[in-house]
Structures are given as C-alpha cells and as structure tokens.
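Written below as structure tokens is the structure these notes are about.
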Amino acid sequence: MLRPLRTALALAATFSLSACAVPHLSLPKLPSFGHRPAAEAPAKPEPAAKPARKAFKLPALPHLFGKTSPAAPSETAARLKPGEWAQARSDIAADPDFRFGSLPNGMRYAIRKQSIPPGQAALRLRFDAGSLMESDDQAGLAHFLEHMAFNGSKAVPEGDMVKILERLGLAFGADTNASTDFNQTIYKLDLPRTDADTVDTSLMLLREAAGELTIDPGAVDRERGVVLSEERARDTPAYRVFKSRLDFWLKGQRPPQRLPIGKVEVLQTAPASRVASFYHAWYRPERAVLVAVGDFDPAEMEARIKAKFGDWKAQGSALPEPNIGVVARRGPEARLVVEPGAPLSMQIAWIAPPDLALDSQAKRRRDLIERLGFSVLNRRLSSIARSPQPPFQGAGAFKSDQYDAAELTLLTVNADPTRWREALNAAEQEQRRALQYGVRQDELDREIDELRAGLKADAAGASTRTPSELAGEVISSLDDDEVVTSPAQDLAEFETVVKGLTAEQVSAALKAAFKGDGPLIFMTSPKPVEGGEAALLAAYKAASAAEVSAPSAPVTIAWPYESFGAPGKVAETRDVADLDTTFVRFENGVRLTVKPTHFQDDEVLVRVNVGGGRVSLPKDRPSLSWASGAFIEGGLKQISAEDMERVLAAKMYGARFSVADDALVLSGETRTDDLETQLQILTAYVAEPGWRPEAFQQVKSRGKTIHDQFEATDGGVLSRDLAVLIHGGDARWAFPTRDQIAQAKLDDFRNQVAPDLATGPIEVVIVGDITAEKAVDLVARTFGALPARPERPAAASDQLAVGFPAATPEPLTLTHKGRADQAIGYLAWPSTDFWADPQGARDAAVMGEVLELRLIDELREGQGATYSPQVTYNHSQVWPNWGYVSVNVEIPPEKLPAFFADVRKIAAALRTAPPTADELERAKKPRLDQIEKAQATNGYWLGELSGAQGDPRKLTALRAIIPGTERVTAQDVQKAAQRILKDDRMWMLQVKPEAK
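Residue numbers (numbering that gives the first Met the number 0): 0 to 995.
Structural data, given as structure tokens:
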C-alpha cells in the first residue's frame with residue numbers, strides 16, 4: 000500500500016499507547032534532543048554486550064493522533080463479510096505474491112513465501128477486538144486477556160508457553176510478543192527456523208490462544224500485578240496529555256472512555272469469568288486473520304492452517320459492533336492542560352465525520368494529492384523552524400483518522416513555553432497563506448521527486464523485505480480494510496496520479512482538507528498560562544485577523560560538493576575471504592572496509608569513524624554530545640541543510656552524527672545508485688561543516704525543559720543519571736545541568752569536535768548492495784581525495800581509565816516527581832573488558848540470560864510483582880577492565896527491599912549450582928538465533944566491522960561469537976556467576992518518588 004508520510008507525527012509524538020510494547024530498562028545513551036537526521040543506520044548487536052530491547056520509557060505511539068491517512072468526505076461504512084478480503088470489493092488488485100484465503104468458519108489467512116533471510120518466518124494472529132469492544136466493567140480486560148494468552152490453555156499448562164518457544168529459539172519480547180490497541184489485538188511470533196516442529200508448535204500455540212484458553216482464576220490473580228506494573232510504567236506526562244487531548248477532541252464518543260490500559264479498579268478486581276466473557280464474545284474465527292510469511296512452501300502452510308484452525312468454532316452469537324458515537328457539531332473551542340514535565344505543544348484541529356469508504360483507486364488518488372499538499376505546507380513550516388530566532392521549535396500539518404470516530408485535520412506546534420503566542424501566530428498564518436495562495440509548481444515538483452525516490456527505493460528492495468516486514472504490511476492494512484499492494488504497484492499508481500498533476504489541483508485538495516468544525520485548540524503547558532483558555536481563543540482570533548502575503552520563490556542553487564580534488568590512490572588492499580570483506584588503505588591514510596551483501600536489495604549503509612570520540616574528550620566536564628543534532632542541522636559551509644534537502648530531493652541519503660566511545664561517527668543509509676551522493680555528503684561534513692549558530696540555538700531551546708521531562712518519571716531520571724554513575728562519575732558520560740545547557744556556546748561544541756574532524760584518522764565502512772570495486776572508486780573520489788590523515792595514535796592511559804561505582808550496603812537513592820507508586824530498582828556487578836577474556840564474556844552473556852529467566856520466573860510469574868525484569872551485560876571493547884552485569888525492574892516503592900533480596904538469593908543460587916539443562920537450552924538457543932538473525936542484516940556488519948581493519952582482534956571475535964556461545968556449558972555459567980555475581984561487589988540504585 001502507498002503509506003502516508005509520518006513526518007508530522009514525528010514532530011508531535013514520541014510515545015506509544017498500544018498496550019504491551021514490552022518496555023525495558025537498560026543502560027541509556029546520552030539523550031539528544033536536537034534535530035533528527037533523515038535516516039539512520041540500523042543499530043547493531045554487540046558481540047559482548049546484550050543490546051537493550053527498548054529504553055525504559057513509554058514506547059512510540061503511532062496512534063497518538065490516530066492514523067494519519069488523508070481521507071475524502073465521509074461515506075457510509077461498508078464492512079467486509081466474514082472471510083472476505085478488501086480486494087473483493089475494490090478495483091485495486093492485490094499483491095499477487097500473497098495467497099489470500101479464508102476458512103469455512105470465517106477466519107482469513109494470508110500466506111507468502113519469502114526465503115530471504117533463509118530459514119526464517121513470521122506468524123501474526125490478529126483479532127478485530129480491542130478496548131473499544133469492552134463494556135464499562137471490562138475496561139482494560141482486552142489487554143489483560145492478551146496477557147492470559149501466555150498463561151495457560153487446554154493443551155499448554157500455565158507458564159509453559161514461553162518456555163516452549165524459548166526451546167525453539169524464540170526470545171521472549173524479541174520474537175514472542177503481543178499488543179492491544181483500541182480496535183485490535185495482535186500476537187506475534189518470529190520463527191528462527193521453519194522446520195516442521197517449529198512451525199507446527201507455533202501454529203498450535205496460536206490455535207490455543209485463539210480458542211482454547213483456560214483463564215484460570217488463580218492465574219488471573221497472579222497476573223494482576225504484572226498488568227498493574229505496566230499501567231504504572233505508562234502513566235507519564237505524555238500519556239496524561241494524550242488522554243486529555245482525546246477527551247477534548249472526541250467529546251461524548253467512545254475512544255476516550257476505552258483506553259487500552261483500562262481502569263485500575265477493574266484490573267484489581269475483575270474476576271476471571273469477566274475476562275473469559277470478553278474472550279468468548281470477541282475472539283471468534285470471523286474476527287481473526289492469520290498471516291504467515293517465510294521460507295516454506297505456501298501450499299503446505301495453507302494445509303497446516305486449515306488442519307489446525309478448521310475446527311475452531313465461535314461460542315454463542317456474535318455481539319453487535321460497539322457504538323463509537325457521532326461527531327458533535329463544534330464551534331471554536333480551547334482546552335489548556337497544565338502538565339509539569341511535559342513540553343509546550345499545541346494542536347489546532349478541524350473535525351469532521353470519519354471516512355469509512357472501502358479502498359479504491361479514486362480514494363487513493365485523493366489521498367495522494369492531499370498528501371502532497373500537506374508535504375508542501377510542512378516543508379514551509381520546517382523552513383520557519385530552521386530560521387534564526389524561529390517562533391516555534393517544530394510544526395506540522397496532517398489529517399488523522401481517530402479510530403473511525405472522527406476525522407481531524409491538524410496543525411500541531413511545539414514551542415518554548417514563553418513564546419506560545421508567537422508560535423501560534425506564525426503557524427496559523429503560514430497555514431492560511433498556503434490555503435489563500437496555494438502551492439507553487441516548483442514546490443509540488445520537489446515533493447513529487449522526493450516521494451518518487453522513496454517509492455523507487457522500496458520497489459528496488461521489495462524482494463528482500465524480511466518476513467516480519469511483509470507480515471506487518473498485511474496486518475497494518477486490516478485497520479482500514481485496505482488492499483495489500485506491492486511496492487511496484489504503488490510506484491505505478493503514483494506515476495499515474497502525478498502525471499500532469501498541477502499545483503492548482505493540489506492547492507484545492509489542501510484547502511478542502513481544512514474544512515470541518517472548529518477550530519479546536521488544545522495546548523499543553525508545563526506551567527499555567529495567564530488568561531487560560533480564553534487567552535488561547537483570543538490569540539487565535541487575533542492571529543487569523545492578520546493579513547498574509549504570497550510566499551516567495553526560492554533562489555536556484557546547485558549542489559556544491561561534487562568534487563574534492565584529484566581522486567586518491569590505493570596504497571594497500573587486503574581480502575578477508577571468509578567474511579567476504581575487503582580492506583583498503585588509501586595513500587592519504589583513509590581506511591575503507593567494504594562488505595558486499597545481498598541481505599537487502601538496493602540498500603547500502605555507510606559509517607565514517609573520525610578521530611578518537613569520547614576517549615579524546617576532557618574528563619572534567621560533560622561532553623557536548625547532547626548537541627549532536629546541531630552538527631547535521633548546521634549544514635555545510637557552502638549550503639544549508641534546508642537547501643541541501645531541496646537540491647537533493649530526488650536522492651536517497653542520510654546524515655547522522657554522534658559521539659561514540661572511540662570515534663566521532665557520521666553515518667547514512669542510501670540506495671546503490673545514490674552512494675556517490677551519500678559519500679559526497681559525509682565527506683563534506685568532515686571537510687566543511689557549516690556550524691550555523693541557529694542550529695545550535697534550536698537545540699538549546701529544546702533543552703530548556705528537558706530536565707523537567709526527565710524528572711517527571713522514574714525512567715526519565717534513570718535515563719539521565721545512570722550513565723555517569725555506572726562509569727564511576729566520569730564527567731564524559733554526564734548529562735548537562737540546566738545551567739550548563741543555558742550557558743553552552745557553539746564555539747565550545749566546535750572546539751570539542753573540529754580538531755578530530757580536521758586531522759583525525761578516518762575509517763569508512765560500507766556494507767550492502769554494492770561491489771567492492773565501485774565502493775573503492777567512489778571513496779577514492781571523496782574521502783580518498785582529502786588531505787593526508789595520520790594513523791590512529793594510541794590513547795593516553797589516563798583517558799582510557801574508567802571507574803565503576805563501589806559496592807553499596809544500601810541502595811543509592813534518586814527521586815522523581817511522578818506517581819507515588821512508581822519506582823525502579825537497579826543493581827550491577829562489575830566485570831571486565833571483552834579483550835581481557837573473550838570467552839569469559841560469552842560465558843557471562845549466557846549467564847545473564849539464565850539470570851533473567853530466573854528473575855522472570857520469580858518476579859513476574861511467581862510474584863506478579865512487575866511487568867518485565869531485565870538483565871543487561873556489557874563487556875567493553877574500548878575501556879580496559881570495564882564491564883558489568885546489571886538487573887533492573889519497575890516495581891512499587893514498598894517492594895524495593897524485597898526485590899534486592901530476591902536478586903541476592905537468585906544470584907547466590909546460581910553461584911552454588913549450575914543451571915539445569917533446560918534452563919541452559921532456553922538461554923542459549925534464543926541468543927544464538929538472535930545472533931544468526933542479526934548476521935543476516937547490513938546493520939550488524941556495519942557495526943561489527945567498524946574498527947576491525949585497525950584491530951584484527953575484532954575479526955577473531957566475529958568468527959568466534961557463534962561457536963563460542965555454543966560451547967558454553969552449565970559449569971561455565973556457574974563459574975561466571977561465581978566470578979561476577981558477588982554480594983560484596985554489588986552496586987545498588989533505586990529511583991523513588993520524592994517526598995510530597
């Protein structure tokens with residue numbers, strides 16, 4: 000399907016509402032609140048460090064403003080019949096590579112063979128059942144039921160389902176997951192192999208979840224604490240703002256009354272029979288869709304599905320669809336919500352009845368034309384945000400479907416709390432300018448070029464999409480009964496629509512999009528606003544009375560970085576045959592590492608390491624890495640970031656800057672034909688960064704309220720403070736204070752970064768759909784043409800020295816300003832670096848997995864005390880003698896002492912006796928499968944090959960990670976526990992609510 004752009008959502012939403020996104024605590028990176036680049040290279044799993052599954056924060060909310068699909072005027076709903084797919088009622092043909100079908104009981108299925116990566120598969124079971132279907136006394140039970148799907152069925156005793164999957168190599172959270180939203184519940188299994196046992200067992204477990212759950216009263220009671228832990232973790236300023244906003248927009252309608260997490264009193268007291276009542280009423284075959292994509296024979300999979308699900312019968316008669324409520328007629332209204340810890344944001348909305356028409360070519364044409372209009376408007380708003388002394392930090396406009404309850408056209412603005420009037424004036428007037436004068440043809444052509452480039456890249460890489468990506472496309476189509484189409488179909492459809500498309504047509508569509516009742520003005524502020532809601536309405540009225548002039552056309556500009564001088568010459572080439580990797584050294588000292596792959600067609604990832612990174616920074620003050628976004632947003636000496644985007648609109652490229660432990664890192668993702676442009680961009684950032692002061696000032700402006708946001712939750716405080724604490728107080732990991740942010744200067748940032756950029760050694764790593772010969776040629780003409788760079792010098796020993804906090808008899812206490820029942824317990828044991836004992840680090844990794852299994856069994860399954868305890872392990876490849884194993888958990892404050900005691904007891908048991916054979920299998924197999932899956936991605940190799948040319952030990956570690964993990968025995972795990980999990984070395988930390 001031709002999916003809508005999500006740019007506006009990114010401006011206004013960084014949180015997720017869907018229940019069960021499996022948040023976890025981990026050692027956080029220093030937060031960056033600067034401009035986010037267009038594309039980022041995928042993160043890599045460390046061979047010696049367990050990657051965090053997710054930072055402890057409310058995960059991303061794609062539905063914060065509903066679904067951002069532009070829509071035509073409201074039409075009467077036309078629901079599909081049981082067993083019917085959208086293409087049966089559409090003039091759009093479905094992707095022919097999928098096999099769509101249905102069973103006599105009404106359950107639908109979609110099957111597709113995808114042998115890249117080989118031997119993997121994705122299964123998804125979606126129910127058209129979410130919180131909207133709950134009765135008043137069931138509020139939260141759709142989500143509670145999702146938890147119970149893992150807690151006992153007729154064929155699988157309570158507690159066995161996750162263990163069965165772990166034995167098959169599926170890691171809980173990474174491969175085994177589920178989510179509940181307003182209108183759907185989705186169960187997800189990512190299979191590491193497609194042998195008969197794995198496939199049959201997985202289908203059996205999904206069939207049990209579909210119709211055979213026991214929902215035992217004892218199991219329900221044991222799960223209450225887990226669900227309540229999730230409710231606590233989600234109650235953040237952003238979530239509270241979301242609830243208020245939804246209630247304001249959808250006045251008198253059902254969604255604000257049926258939030259997926261539900262009501263605490265229901266979660267605490269609802270009997271198992273009430274959960275079962277929801278289960279039997281809404282988990283019915285005709286409301287279910289099973290998606291299977293992977294390396295298997297589609298006919299055989301279809302036969303398996305028919306055999307496994309064909310006997311599934313619904314219990315009782317179907318209930319009527321819930322009454323969502325009608326859109327009330329509204330005039331200008333305002334709602335002000337004061338929420339300490341939340342940034343100032345404003346949404347101006349125009350509301351209309353929802354568009355419920357089925358998918359069609361005409362509807363898609365309307366959607367695309369309207370989307371192009373919004374893209375032009377958003378580009379103009381972005382230009383204002385990038386200007387010197389901008390009135391707002393970011394703004395965007397889009398149309399949003401609110402769960403089939405209403406259609407909203409939104410103008411959303413983020414601003415400094417002291418400048419909300421200026422922000423409102425500027426955004427309203429720019430929106431009105433676009434409606435009054437329309438879009439220009441040159442603006443439209445640019446958006447067409449950019450969207451075309453993305454669609455072409457999607458089409459070129461279509462054959463190598465992963466099973467989970469393909470399954471996700473089908474699942475995401477079901478909300479709106481869309482026809483599943485291929486990237487090639489989408490591109491062809493796009494070209495048909497834009498052929499001959501005029502600015503006048505797009506202008507008319509954009510103007511029509513803002514028709515509706517309102518405006519409804521919603522503003523969140525961290526502090527009271529004088530005059531309250533009346534002041535908001537008055538400010539909007541004053542802004543809308545001002546005259547606006549026609550926009551001016553931009554000055555034509557060319558891309559100025561096509562040449563960096565004479566191409567560099569290769570001094571040395573070495574092949575690493577077993578890793579299909581080539582090492583190249585140019586005469587100017589630049590090193591190039593190239594690994595051609597076929598993991599993803601037309602995808603090329605680039606990473607450039609420059610200088611020494613955090614190793615070379617002063618130890619007595621926080622680094623300015625928090626301002627990294629200002630580096631890319633500051634553009635280049637000869638062209639601004641905004642002009643660069645305009646000139647290169649038809650290209651696919653990325654630009655990201657960060658400070659790693661051992662280098663400054665520039666990275667990007669591109670397609671094969673655009674690699675030359677990608678390398679020109681990154682070379683120019685090394686040779687001639689722009690250092691524009693307005694970009695740095697924008698980052699500082701966003702930082703004014705960052706501490707308030709951190710302090711509003713326990714997870715925020717931990718994210719801010721843990722990095723410096725666990726590095727023994729080394730200021731290089733410290734997050735800046737309010738005063739340090741306020742007093743920071745661009746020159747300070749420049750002085751930290753510029754010397755390495757100017758003279759530091761350069762290493763370029765390229766992985767993806769490219770030949771080594773082509774990569775060498777393009778790097779010769781870019782980085783290879785730069786002035787000579789020295790070899791990397793050995794870092795000073797004092798710069799490499801990093802401490803670890805001393806053991807504490809009592810936990811160090813930090814405080815937050817959130818709910819009184821929110822707290823985090825954290826403890827860590829020091830280990831050593833990876834190179835001191837590579838195999839010992841692998842033993843410790845498996846030990847960490849066993850430790851986590853036991854913590855989950857005790858704290859989640861046994862006590863129901865928390866949602867998701869997590870173990871993290873890290874053995875540094877940069878800092879000598881530095882590494883750790885940690886445990887963390889979200890838990891009520893009164894249970895913190897018991898948590899620390901339980902961890903001590905579990906650690907002692909692991910020191911005393913080795914794990915059982917079953918525990919070892921459930922720890923090792925998912926880890927091995929995760930590594931193998933990661934090795935079938937370009938992102939993994941981009942990270943793992945970084946630095947390998949200068950440090951051959953990394954190649955040895957790469958080769959050994961799987962066999963080294965396979966060889967870990969139960970006795971090795973016990974020895975690792977004895978070596979690391981010592982009570983007298985344990986450092987403890989707790990984050991508790993501050994005293995009121």
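Glycine included, every Cβ here is placed at the ideal spot set by N, Cα and C. Since this is a predicted model, take the numbers as computed values, not measurements.
Does residue i come out as helix, strand or coil in the three-state DSSP assignment?
i: Gln869; result: strand
i: Thr581; result: strand
i: Ala998; result: Nothing can be reported for residue 998, as the shown portion of the chain is limited to 0 through 995.
i: Val605; result: strand
i: Lys250; result: coil
i: Arg573; result: strand
i: Ile725; result: helix
i: Phe295; result: coil
i: Tyr278; result: helix
i: Asp516; result: strand
i: Phe656; result: strand
i: Met203; result: helix
Look up residue i in the DSSP assignment and give the residues it is bridged to.
i: Phe99; result: Ala109
i: Trp940; result: Trp940 is not bridged to any residue.
i: His815; result: Pro992
i: Asn887; result: Tyr825, Gln869
i: Tyr186; result: Leu124, Ala177
i: Gly395; result: Thr411
Please report the straight-line C-alpha distance between residue i and residue j, rounded to a whole angstrom.
i: Leu477; j: Val226; result: 27 angstroms
i: Ile260; j: Pro518; result: 30 angstroms
i: Glu481; j: Met203; result: 29 angstroms
i: Arg645; j: Leu371; result: 15 angstroms
i: Ser381; j: Pro352; result: 29 angstroms
i: Leu623; j: Arg701; result: 15 angstroms
i: Val763; j: Phe97; result: 40 angstroms
i: Asp400; j: Lys80; result: 23 angstroms
i: Phe391; j: Asn413; result: 6 angstroms
i: Met300; j: Lys307; result: 10 angstroms
i: Gly863; j: His279; result: 25 angstroms
i: Ala659; j: Ser551; result: 42 angstroms
i: Gly217; j: Gly151; result: 11 angstroms
Buried or exposed for residue i, going by 16 or more other Cβ atoms inside 10 Å?
i: Ala819; result: exposed
i: Arg952; result: exposed
i: Asn750; result: exposed
i: Pro925; result: buried
i: Ser548; result: exposed
i: His874; result: buried
i: Thr704; result: buried
i: Arg233; result: buried
i: Pro792; result: exposed
i: Gly715; result: buried
i: Ala975; result: buried
i: Phe126; result: buried
i: Ala994; result: exposed
Verify the CB distance criterion: does residue i have a CB-CB separation below 9 angstroms to chain D?
i: Lys594; result: In the displayed structure, chain D is absent; only one protein chain is listed.
Any heavy atom of the ligand COA closer than 8 angstroms to the Cβ of residue i?
i: Ala753; result: Annotation note on the ligand COA: not contained in the displayed structure, which lists no ligands.
The segment 727-741 / the segment 548-567 touching (three or more Cβ pairs under 8 angstroms): Contact fails: fewer than three Cβ-Cβ distances are below 8 angstroms.
Inter-stretch contact (C-beta, 8 angstroms, three-pair minimum) for the segment 799-808 and the segment 724-731: They touch, by the three-pair rule.
Three-pair Cβ contact test at 8 angstroms for the segment 257-275 versus the segment 204-215: In short, these stretches touch, since the Cβ pair count reaches three.
Three-pair Cβ contact test at 8 angstroms for the segment 317-335 versus the segment 159-170: Three or more beta-carbon pairs separated by less than 8 angstroms are not found between the segment 317-335 and the segment 159-170, which leaves the two stretches without contact.
Meets three-Cβ-pair contact criterion under 8 angstroms: the segment 668-680 and the segment 599-608: By the Cβ test, the segment 668-680 is in contact with the segment 599-608, since at least three Cβ pairs between them sit closer than 8 angstroms.
Meets three-Cβ-pair contact criterion under 8 angstroms: the segment 935-948 and the segment 812-828: Contact between the segment 935-948 and the segment 812-828 is absent: fewer than three C-beta pairs spanning the two stretches fall below 8 angstroms.
Sufficient close CB pairs (3 or more, under 8 angstroms) joining the segment 751-766 to the segment 647-655: Result no; under three Cβ-Cβ pairs closer than 8 angstroms.
Three-pair Cβ contact test at 8 angstroms for the segment 495-514 versus the segment 320-330: These segments do not touch.
Any 3 or more C-beta pairs closer than 8 angstroms across the segment 102-111 and the segment 583-594: By the Cβ criterion, the segment 102-111 is not in contact with the segment 583-594, since fewer than three pairs of Cβ atoms, one from each stretch, lie closer than 8 angstroms.
Touching by the beta-carbon criterion (3+ pairs, under 8 angstroms), the segment 879-899 and the segment 862-870: Contact between the segment 879-899 and the segment 862-870 is present: 3 or more CB-CB pairs across the two stretches fall below 8 angstroms.
Segment contact, 8 angstroms Cβ cut-off, at least three pairs: the segment 929-936 with the segment 767-783: The segment 929-936 and the segment 767-783 do not touch, with fewer than 3 CB-CB distances between them shorter than 8 angstroms.
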